[in-house]
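Asks: Numbering (this note's numbering), first residue to last: 1 to 437.
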């Protein structure tokens with residue numbers, strides 16, 4: 001084998017040339033804030049993102065990206081580092097490939113996307129915009145471009161559930177204690193495919209996703225008789241249903257109006273439980289569910305001559321088909337137990353507030369972009385329920401902003417189970433500071 005001796009300066013140049021052509025970038029935000037109840041002026045103690053940092057390293061057609069945050073809570077005086085995303089992206093001529101922990105974005109509507117179920121939601125940050133409310137998952141995604149078409153495939157090898165604020169007295173929509181998951185997800189593999197195309201001035205997307213519910217549901221129960229003259233105590237065992245989602249989304253224009261819409265059909269069913277025949281309790285009953293339900297969002301947006309952006313969303317969900325069966329695990333005999341009310345385990349989180357609602361948003365900037373005013377209102381169209389949100393932000397210097405916000409809920413005093421009624425105590429004023437770098 002013939003050796004080739006390279007001069008040291010030439011060798012160093014060959015090794016350092018890719019590094020010299022690389023680009024390093026970072027952006028971040030420091031956002032201390034305080035939330036105070038409007039009812040009694042007490043402080044709401046929930047974790048918030050005190051620091052957010054996005055770092056990117058680009059070398060040719062390869063990117064390495066990280067998105068991280070520091071989550072802080074005042075009552076415990078503790079801060080937790082969260083690496084929300086870290087992935088490698090490759091951009092060849094034919095498309096793109098991404099591998100790592102990442103947050104995906106499907107759908108066409110702003111914020112409320114029934115077709116986007118690739119990532120679980122973080123309910124601590126439910127009212128954050130965009131990807132701020134999502135949790136990154138280990139996944140691989142590939143997108144192929146050809147002509148007016150894009151085909152994207154996503155593979156998720158490890159299941160992640162929603163992050164729920166269990167046991168938080170300051171967040172009223174959750175259980176007081178974290179429930180035990182008796183039946184963890186057995187098949188963690190999840191897949192999704194989305195096809196996008198442009199027809200005339202409109203964009204359309206079709207998608208399918210196969211995965212597991214992000215919130216648990218009852219899969220079995222074990223009734224226990226404590227006293228002969230008293231009804232039995234029902235002890236539920238929880239797990240996650242399997243769900244397949246078919247989605248359609250579009251963006252089109254009508255004059256000065258932008259119209260966005262998307263709809264999804266969910267087919268969810270109880271998975272086959274792998275029970276040990278020799279260890280099954282004699283009082284174990286299985287609950288088999290097979291439900292088809294739909295969710296949709298129709299959005300209309302318009303920018304006025306004064307540069308005020310106004311958008312309105314009609315958000316809805318409905319159960320289209322449902323089948324429930326209770327049977328004894330050992331004998332396989334059907335039993336007549338009540339079915340209860342169906343709760344969706346996947347889809348846009350705002351569908352949990354109302355089966356049908358209107359959400360209106362507006363925003364404007366004044367004084368050479370120093371003053372920013374935002375407002376939104378949500379109206380439950382099925383029963384009494386309102387959400388009102390407004391904020392004013394002022395930027396005295398470049399990269400600095402001070403913000404005052406209000407989030408207010410109005411429910412039905414006669415219905416204590418109404419989601420808006422439960423959230424009334426969560427109504428609060430928010431004072432925050434932003435520093436961007």
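Just so it is clear, CB atoms sit at the ideal spot from N, CA and C, and this is done for glycine as well.
Between the alpha carbons of residue 22 and residue 214, how many angstroms are there, rounded?
Replies: One C-alpha to the other measures close to 39 Å.
Asks: Take residue 226 and list the residues in its own chain whose beta-carbon comes closer than 8 Å to its own, dropping the five residues that flank it on each side.
Replies: Here the set comprises 232, 233.
Asks: Beta-carbon separation of residue 306 and residue 358 under 8 Å?
Replies: Going by C-beta atoms, residue 306 is not nearer than 8 Å to residue 358.
Asks: Given a cut-off of 8 Å, decide if residue 176 and residue 423 are closer than it, judged by their beta-carbon atoms.
Replies: Not in contact: residue 423 and residue 176 (Cβ atoms no closer than 8 Å).
Asks: Between the alpha carbons of residue 155 and residue 89, how many angstroms are there, rounded?
Replies: One C-alpha to the other measures close to 15 Å.
Asks: Sort 328, 299, 421, 327 by Cα distance to residue 314 and report the nearest one.
Replies: Of 328, 299, 421, 327, the residue nearest in Cα terms is 299.
Asks: Give me the residue from 332, 344, 328 with the minimum Cα distance to residue 322.
Replies: Selected option, being the one with the closest Cα: 344.
Asks: What's the C-alpha gap between residue 181 and residue 288?
Replies: Near 17 Å, if we compare the C-alpha coordinates of residue 288 and residue 181.
Asks: Would you say residue 285 and residue 373 are within 8 Å of each other, going by their C-beta atoms?
Replies: No, Cβ-Cβ distance for residue 285 and residue 373 is not below 8 Å.
Asks: Check whether the Cβ atoms of residue 434 and residue 401 sit closer than 8 Å, and answer yes or no.
Replies: Yes.
Asks: For residue 419, report the span of its alpha helix (DSSP H) as first-last.
Replies: Start and end: 419 to 423.
Asks: Output yes or no for whether 8 Å exceeds the beta carbon distance between residue 261 and residue 253.
Replies: Contact flag unset, no.
Asks: In or out: residue 43 buried (at least 16 other Cβ within 10 Å) or exposed?
Replies: Classification of residue 43: exposed, given that the 10 Å Cβ count is below 16.
Asks: Assuming contact is defined by CB atoms lying nearer than 8 Å, are residue 85 and residue 132 in contact in what I supplied?
Replies: No, Cβ-Cβ distance for residue 85 and residue 132 is not below 8 Å.
Asks: Which term fits residue 61, buried or exposed, when burial requires 16 or more other beta carbons within 10 angstroms of its beta carbon?
Replies: Exposed, by the Cβ-count rule.
Asks: Rounded to a whole number of angstroms, what is the C-alpha to C-alpha distance between residue 445 and residue 414?
Replies: This structure gives no information on residue 445, because the portion of the chain shown stretches from 1 to 437.
Asks: Within 10 angstroms of its Cβ, does residue 6 collect 16 or more other Cβ (buried), or is it exposed?
Replies: Residue placement at residue 6 is poorly supported in this model, since its pLDDT is 49, which falls under 50; the coordinates still yield a value, given next. Exposed is the call here.
Asks: Taking C-alpha atoms, which residue in 403, 393, 280, 407 lies nearest to residue 376?
Replies: Considering only alpha carbons, the answer is 407.
Asks: Ignoring anything shorter than 3 residues or poking outside the stretch 226 to 313, list the beta strand (DSSP E) runs there in chain order.
Replies: With a minimum length of 3 residues, the continuous beta strand (DSSP E) runs that stay inside the stretch 226 to 313 are 233 to 239, 242 to 254, 257 to 269, 285 to 303.
Asks: For the beta strand (DSSP E) that residue 87 lies in, which residues bound it at each end?
Replies: Its beta strand (DSSP E) spans residues 78 to 90.
Asks: DSSP state of residue 353, grouped into three classes?
Replies: It is coil, neither helix nor strand.
Asks: Which residue comes first and which comes last in the beta strand (DSSP E) that contains residue 42?
Replies: Premise fails: residue 42 is in no beta strand (DSSP E) and is neither H nor E.
Asks: In chain order, what residues of the same chain lie with their CB nearer than 6 Å to the CB of residue 337, ignoring the 5 residues before and after it?
Replies: These residues qualify, in order along the chain: 326.
Asks: Within a Cβ cutoff of 7 Å, which residues of the same chain sit near residue 432, ignoring the five residues on either side of it in sequence?
Replies: If we look at residue 432 and ignore the five residues flanking it on each side, its Cβ neighbours are 31, 32, 33, 403.
Asks: Could you pull out every residue in the same chain whose Cβ sits closer than 8 Å to the Cβ of residue 282, ignoring the five residues on either side in sequence?
Replies: So the qualifying residues of the chain are 330.
Asks: Under a three-way DSSP split, which group does residue 189 fall into?
Replies: Note: residue 189 maps to coil in three-state DSSP.
Asks: Applying the 10 Å Cβ sphere with the 16-neighbour rule, what's the burial state of residue 255?
Replies: Under this definition residue 255 is an exposed residue.
Asks: Under DSSP, the beta strand (DSSP E) around residue 128 begins and ends at which residues?
Replies: Residue 128 -> no beta strand (DSSP E), and no H or E assigned at all.
Asks: How big is the Cα-Cα spacing for residue 229 and residue 410?
Replies: The straight-line gap from Cα to Cα measures roughly 42 Å.
Asks: By alpha-carbon positions, which one of 95, 304, 332 ends up nearest to residue 364?
Replies: Closest option to residue 364, Cα to Cα, is 304.
Asks: Between residue 142 and residue 95, is the Cβ-Cβ spacing less than 8 Å?
Replies: Yes. Within cutoff.
Asks: Helix, strand or coil for residue 204, going by three-state DSSP, please let me know.
Replies: Note: residue 204 maps to strand in three-state DSSP.
Asks: DSSP three-state call for residue 466: helix, strand or coil?
Replies: The structure shown does not extend to residue 466, since the chain is modelled only from 1 through 437, so no value can be given for it.
Asks: My output table needs one value for residue 166: the three-state DSSP class, helix, strand or coil.
Replies: Reduced to three states, the DSSP call for residue 166 is coil.
Asks: Please name the residue in 240, 332, 204 whose C-alpha comes closest to that of residue 268.
Replies: It is 240 whose Cα lies nearest to the Cα of residue 268.
Asks: So what does DSSP say about residue 426, is it helix, strand or coil?
Replies: In the structure shown, residue 426 sits in a helix (DSSP, three-state: H, G or I).
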